[in-house]
Amino acid sequence: MNGTFAEKILAKYSGEKEVVPGQIVTVKPDHLLTHDNTAPIIQKITSELDKYGIFSKSLPIIALDHVIPAASEKIANNHKIIREFVKKHKIKHFFDVGFGICHQIMLERGLARPGKIILGSDSHTCSYGAVGAFSSGIDRTEAAALMLTGETWLKVPLSIKMILNGELQPVVSAKDLILHIIGDVSASGANYCSVEFHGDINQFPVDDRFTIANMGVEMGAKNAFFPTDNVTEKYLKSIGVSKSQYHPVNADKGAIYYKELEYDLSKIEPVVAMPHSVDNVKKITEVEGVEIQQFLIGTCTNGRLSDFKVAAEILRDKKIQPNVRLLILPSSRQVYIGTLKKGFIEIFIKAGGIILPPGCGPCLGAHQGVLAPQERCLSTSNRNFKGRMGCKDAEIYLASPATVAASAIYGEITDPRKEV
Amino acid sequence: MKVWKYGDNINTDMLFPGKYVYTCSTPEEIKPHLLEDLDSSFAKNVKEGDIIFAGKNFGCGSSREQPVVGLKAVGIKAVVAESFARIFYRSSINQGLLLIECPEAVKKYSEGDKVFLDFENGKISISNQTYSFPRLPKEILAIRDAGGLLPYTRKKLQNKK
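Residue numbers (our numbering), protein chains in the order written: chain P, 59 to 478; chain Z, 2 to 162.
Okay, structure coming up:
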């Protein structure tokens with residue numbers, strides 16, 4: 059078989075010799091990821107869980123991250139319901155409030171691995187293609203069914219090959235690259251497709267690959283994938299996962315792609331996704347000077363140690379404008395400890411920043427950092443939809459950690475190349 | 002029957018704001034906030050049997066099933082769009098909300114046109130002009146015919162026993 063990544067892994071998991079795009083297959087995923095939405099998920103199947111039990115104790119991975127620590131009695135009760143469920147069904151992988159954002163936990167604990175299939179009731183489940191997994195978002199109802207049966211259907215997607223040529227210029231980051239790509243193909247440009255990244259990918263450590271794969275869904279992709287290579291292996295080894303513990307699946311050389319797109323990385327510049335759509339991408343030189351009231355560095359897209367290093371180098375011995383807020387959101391406890399040890403947290407606090415607990419809250423307007431009407435936020439997160447940060451009359455702009463850090467110093471959108 | 006017409010890239014935050022996601026789960030909790038940031042008249046005026054017409058990539062964004070549960074609960078007969086985002090599409094199958102992907106019909110429709118739907122034969126008529134849309138694969142129809150994914154799953158579990 060001469061297959062793409064998606065074709066090969068879906069054939070493997072469905073027990074078919076080969077599969078073709080459009081074919082419906084039944085698969086048993088290795089893991090099912092759920093978060094604060096676990097409570098409404100299990101409430102759909104209370105009597106079935108009592109009658110049939112859970113399909114497998116090691117299938118679910120549950121992290122409390124979306125509204126943490128609880129912002130209301132209702133949320134607190136949801137968390138309690140989830141803890142009781144975890145205890146009753148002896149769920150193996152549970153991460154209570156404080157561990158971090160589910161996607162980062164999947165990455166840093168080695169739960170996401172090459173050649174695995176992972177489904178999750180969160181659209182950014184597509185992130186784990188950063189380490190060679192096939193991962194995709196589903197809804198709560200499907201997560202409930204999976205808890206009971208351990209299997210679901212998937213349509214074999216068409217595949218798009220994105221070939222990345224050359225090297226990024228200094229200061230230009232993986233975030234600029236993926237925003238540039240989404241601006242190029244549009245918010246629906248990869249709808250239903252598996253997106254594979256090839257070419258000069260060796261320059262991108264797993265952190266960068268995660269930023270890129272995380273945003274696959276913002277162009278409509280079913281999943282986003284980096285082939286397993288020495289970068290993946292090195293990363294996994296560093297977190298204690300040896301080569302014998304995973305079985306990579308990579309595309310064949312003769313695979314047939316629905317589309318092939320090439321990008322010259324040396325030509326990519328710092329960019330900003332303007333309100334209210336992720337594909338509304340402009341070069342930073344076109345939008346410099348837009349006044350901003352709130353800055354957010356972190357989230358599952360750009361909340362890792364390497365992101366905070368970039369931001370801390372820009373903010374060292376600097377102060378943000380007195381009339382703006384800078385929110386720092388580490389993606390996990392582990393990342394938080396790392397930033398503390400490196401002295402980044404002190405830099406951020408001295409600059410005027412506020413450190414938030416590792417979670418998702420502000421990104422979706424669910425908790426902390428909500429905007430007021432006519433306010434603007436420049437954020438390293440992945441979505442700038444109208445109303446997303448809690449207010450439909452506010453504006454969200456997306457950019458890299460370097461751009462957000464440099465801009466916070468001036469209180470307006472600023473080209474980070476001036477500060478580095 | 003009223004037709005509600007919207008544009009491209011109608012995302013899950015427009016359909017149901019994120020700030021309610023962890024406090025509203027039941028149809029009754031969801032209904033008043035449906036399309037709140039997109040069209041504040043929708044939740045007040047939508048009636049059973051109404052249809053939504055939209056452009057490309059309807060339902061893009063989060064893995065958020067409240068929009069689907071809500072649209073089904075208020076009695077939306079179908080959403081007709083040029084294309085759908087995949088999680089929304091799957092979720093609609095799971096909830097039994099009917100989606101019709103038919104760019105020609107969306108482009109043809111203008112306010113006041115009479116709309117007639119024939120699901121069984123995969124046809125939609127707009128002011129006497131008829132268009133075809135692809136039928137769902139049989140594996141998926143089985144979920145729809147069972148009344149959604151949970152009834153389908155219950156049946157499967159009972160048969161296994």
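No residue lacks a Cβ here, since even glycine has one placed at the ideal position from N, Cα and C.
Checklist entry - Pick from Z:S128, Z:G60, Z:S111 and Z:T13: whose alpha carbon is nearest that of E102 (chain Z)? => result On the second sequence, residue 102 (chain Z) is found 101 positions in, with the first residue counted as 1. The option with the nearest alpha carbon to E102 (chain Z) is Z:G60.
Checklist entry - Skipping 5 residues on each side, what residues in its chain have a beta carbon closer than 7 Å to that of E200 (chain P)? => result Within the first sequence, numbered from 1, the residue matching residue 200 (chain P) stands at position 142. For E200 (chain P), the CB contacts under 7 Å within the same chain, skipping 5 residues up- and downstream, are T210 in chain order.
Item to check | S458 (chain P) versus R446 (chain P): straight-line alpha-carbon distance, rounded | outcome: What you label residue 458 (chain P) is simply residue 400 of the first sequence in a count that begins at 1. What you label residue 446 (chain P) is simply residue 388 of the first sequence in a count that begins at 1. Each residue's alpha carbon lies about 19 Å from the other.
Checklist entry - In whole angstroms, what is the alpha-carbon distance linking I416 (chain P) and E112 (chain Z)? => result Position 358 of the first sequence, counted from the start, is the residue given in the question as residue 416 (chain P). Position 111 of the second sequence, counted from the start, is the residue given in the question as residue 112 (chain Z). According to the sequence provided, residue 416 (chain P) is Pro. The question's Ile does not apply to it. Distance from the CA atom of P416 (chain P) to the CA atom of E112 (chain Z), rounded to whole angstroms, is 48 Å.
Next on the checklist: Count Cβ pairs between the region 163 to 178 of chain P and the region 304 to 314 of chain P that sit closer than 8 Å; are there 3 or more?
Outcome noted: A contact exists between the region 163 to 178 of chain P and the region 304 to 314 of chain P.
Checklist entry - Does any residue of chain P bring its CB to less than 7 Å from the CB of I101 (chain Z)? => result As a position in the second sequence, residue 101 (chain Z) is number 100, starting the count at 1. Cβ-Cβ to chain P under 7 Å: no for I101 (chain Z).
Next on the checklist: List, in chain order, every chain P residue whose beta-carbon is nearer than 7 Å to that of D119 (chain Z).
Outcome noted: Here residue 119 (chain Z) is taken as the residue at index 118 of the second sequence, counted from 1. For D119 (chain Z), there are no C-beta contacts with chain P under 7 Å, since the nearest C-beta of that chain is about 24 Å from it.
Item to check | Neighbour list for Y7 (chain Z) in chain P, Cβ cutoff strictly below 9 Å | outcome: Here the question's residue 7 (chain Z) lines up with position 6 in the second sequence. Within chain P, no residue comes near Y7 (chain Z); the closest Cβ sits about 13 Å away, beyond 9 Å.
Next on the checklist: For D365 (chain P) and E131 (chain P), I'd like the C-alpha separation in whole angstroms.
Outcome noted: Residue 365 (chain P) sits at position 307 when you count from the first residue of the first sequence. Residue 131 (chain P) sits at position 73 when you count from the first residue of the first sequence. If you draw a straight line from the Cα of D365 (chain P) to the Cα of E131 (chain P), it is about 34 Å long.
Checklist entry - Apart from the five residues on each side of it in sequence, which residues of its chain come closer than 7 Å, Cβ to Cβ, to V70 (chain Z)? => result In the second sequence, counting from the first residue as 1, residue 70 (chain Z) sits at position 69. If we look at V70 (chain Z) and ignore the five residues flanking it on each side, its Cβ neighbours are P28, I31 and Q96.
Next on the checklist: Considering just the uninterrupted stretch of the beta strand (DSSP E) at C421 (chain P), what are its terminal residues?
Outcome noted: Within the first sequence, the letter at position 363 stands for residue 421 (chain P). C421 (chain P): not part of any beta strand (DSSP E); DSSP gives it neither H nor E.
Checklist entry - Is the CB-CB distance between K367 (chain P) and A409 (chain P) below 7 Å? => result Locating residue 367 (chain P) in the first sequence gives position 309, counting from the first residue. Locating residue 409 (chain P) in the first sequence gives position 351, counting from the first residue. The criterion of a C-beta distance shorter than 7 Å is not satisfied by K367 (chain P) and A409 (chain P).
Next on the checklist: Nearest by alpha-carbon distance to Q352 (chain P): which of P:G427, P:G278 and P:L398 is it?
Outcome noted: The residue given as residue 352 (chain P) occupies position 294 in the first sequence. Out of P:G427, P:G278 and P:L398, P:G427 has the C-alpha closest to the C-alpha of Q352 (chain P).
Checklist entry - What residues from chain Z crowd round P98 (chain P), counting only those whose CB sits closer than 8 Å? => result The sequence position of residue 98 (chain P) within the first sequence is 40, counting from 1. Those within 8 Å of P98 (chain P) in chain Z are S26.
Next on the checklist: Using 8 Å for Cβ pairs, my map puts H182 (chain P) next to H151 (chain P). What's the rounded Cβ distance?
Outcome noted: For the purposes of this step, residue 182 (chain P) is taken as the residue at position 124 of the first sequence. For the purposes of this step, residue 151 (chain P) is taken as the residue at position 93 of the first sequence. Not quite, the Cβ-Cβ distance comes to about 18 Å (not below 8 Å), so this is no contact.
Next on the checklist: If you reduce the DSSP assignment to three classes, tell me which class L456 (chain P) lands in.
Outcome noted: To locate residue 456 (chain P), count along the first sequence from 1; it is residue 398. It is a strand residue.
Checklist entry - Alpha carbon to alpha carbon, how far is A402 (chain P) from E66 (chain Z)? => result Taking the first sequence and counting its residues from 1, one reaches residue 402 (chain P) at position 344. Taking the second sequence and counting its residues from 1, one reaches residue 66 (chain Z) at position 65. Position check: residue 402 (chain P) holds Phe in this sequence, whereas Ala was assumed. Taking the straight line joining both Cα atoms gives about 38 Å.
Item to check | Classification of Q392 (chain P) by the beta-carbon crowding that lies within 10 angstroms, buried from 16 upward | outcome: The sequence position of residue 392 (chain P) within the first sequence is 334, counting from 1. Buried, by the Cβ-count rule.
Item to check | Where P118 (chain P) sits in the DSSP three-state scheme | outcome: Numbered from its first residue, the first sequence carries residue 118 (chain P) at position 60. In this structure, P118 (chain P) counts as strand in the three-state DSSP scheme.
Checklist entry - In the region 191 to 210 of chain P, which residues sit with their C-beta less than 7 Å from some C-beta in chain Z, listed in chain order? => result Listed by position, the residues of the region 191 to 210 of chain P near chain Z (Cβ gap below 7 Å) are G195, I196, D197, R198, T199, E200, A202, A203, L206 and T207.
Item to check | Closest residue to Q398 (chain P) among P:F192, P:A370, P:L384 and P:P380 (Cα-Cα distance) | outcome: Taking the first sequence and counting its residues from 1, one reaches residue 398 (chain P) at position 340. It should be noted that the sequence gives Leu, not Gln, for residue 398 (chain P). Sorting P:F192, P:A370, P:L384 and P:P380 by C-alpha distance to the C-alpha of L398 (chain P) places P:A370 at the top.
Next on the checklist: If contact is defined by three or more beta carbon pairs under 8 Å, each pair taking one atom from either stretch, is the region 188 to 208 of chain P in contact with the region 232 to 249 of chain P?
Outcome noted: Taking 8 Å as the limit for Cβ pairs, the verdict is that the region 188 to 208 of chain P does not touch the region 232 to 249 of chain P.
Next on the checklist: Taking its Cβ as the centre, do 16 or more other Cβ atoms sit within 10 Å of I412 (chain P), making it buried, or is it exposed?
Outcome noted: Reading the first sequence from its first residue, position 354 is the one you call residue 412 (chain P). Exposed, because fewer than 16 other Cβ atoms sit within 10 Å of the Cβ of I412 (chain P).
Checklist entry - Under a CB-based cut-off of 7 Å, is A86 (chain Z) close to chain P? => result Taking the first residue of the second sequence as position 1, residue 86 (chain Z) is located at position 85. Closer than 7 Å: yes.
Item to check | Residue interval of the alpha helix (DSSP H) (run including S296 (chain P)) | outcome: Along the first sequence, one-based indexing puts residue 296 (chain P) at 238. Element bounds for S296 (chain P): N288 to S296.
Checklist entry - Taking a cut of 7 Å between CB atoms, which residues from the region 146 to 158 of chain P lie near chain Z? => result For the region 146 to 158 of chain P, which is checked against every Cβ of chain Z, not one residue is closer than 7 Å.
Checklist entry - Residues of chain P with a CB under 9 Å from the CB of R136 (chain Z): which are they? => result As a working mapping, residue 136 (chain Z) is identified with position 135 in the second sequence. What R136 (chain Z) touches in chain P: nothing, since even the nearest Cβ is about 13 Å away.
Checklist entry - When the cut-off is 7 Å and only beta carbons count, does G73 (chain P) lie next to chain Z? => result In the first sequence, the residue the question calls residue 73 (chain P) occupies position 15. Answer no: the Cβ-Cβ gap between G73 (chain P) and chain Z never drops below 7 Å.
Item to check | Candidates P:I133, P:I120, P:H147 and P:R167, of which the one nearest D154 (chain P) by Cα | outcome: As a working mapping, residue 154 (chain P) is identified with position 96 in the first sequence. When C-alpha distances from D154 (chain P) are compared across P:I133, P:I120, P:H147 and P:R167, the shortest belongs to P:I120.
Checklist entry - Just how far apart, CA to CA, sit E291 (chain P) and A69 (chain P)? => result As a working mapping, residue 291 (chain P) is identified with position 233 in the first sequence. As a working mapping, residue 69 (chain P) is identified with position 11 in the first sequence. Rounded to the nearest angstrom, the two C-alpha atoms are 24 Å apart.
Checklist entry - I think S84 (chain Z) touches K57 (chain Z), with their Cβ atoms under 8 Å apart; what is that distance to the nearest whole Å? => result The residue you call residue 84 (chain Z) lines up with position 83 of the second sequence. The residue you call residue 57 (chain Z) lines up with position 56 of the second sequence. By a beta-carbon distance limit of 8 Å, S84 (chain Z) contacts K57 (chain Z). Their separation comes to about 5 Å.
Checklist entry - Does the Cβ-Cβ distance between G19 (chain Z) and G423 (chain P) come in under 7 Å? => result If you number the second sequence from 1, residue 19 (chain Z) lands on position 18. If you number the first sequence from 1, residue 423 (chain P) lands on position 365. A distance below 7 Å separates the beta carbons of G19 (chain Z) and G423 (chain P).
Item to check | Rounded C-alpha distance that separates I176 (chain P) from A202 (chain P) | outcome: Along the first sequence, read from residue 1 onward, the residue named residue 176 (chain P) stands at position 118. Along the first sequence, read from residue 1 onward, the residue named residue 202 (chain P) stands at position 144. Between the alpha carbons of I176 (chain P) and A202 (chain P) lies a distance of about 15 Å.
Item to check | Supposed contact pair M2 (chain Z) and I77 (chain Z) - C-beta distance, whole angstroms, cut 8 Å | outcome: Residue mapping note: residue 77 (chain Z) aligns to position 76 of the second sequence, counting from 1. Residue mapping note: residue 2 (chain Z) aligns to position 1 of the second sequence, counting from 1. I77 (chain Z) to M2 (chain Z), Cβ: 11 Å. No contact.
Checklist entry - Taking 7 Å as the CB-CB limit, is N10 (chain Z) close to chain P? => result Within the second sequence, numbered from 1, the residue matching residue 10 (chain Z) stands at position 9. Residue contact with chain P for N10 (chain Z): present (Cβ-Cβ distance below 7 Å to some residue of chain P).
Checklist entry - If you measure from the beta carbon of N95 (chain Z) to each beta carbon in chain P, is any gap under 7 Å? => result Counted from its first residue, the second sequence places residue 95 (chain Z) at position 94. Interface annotation, N95 (chain Z): in contact with chain P, CB-CB separation under 7 Å.
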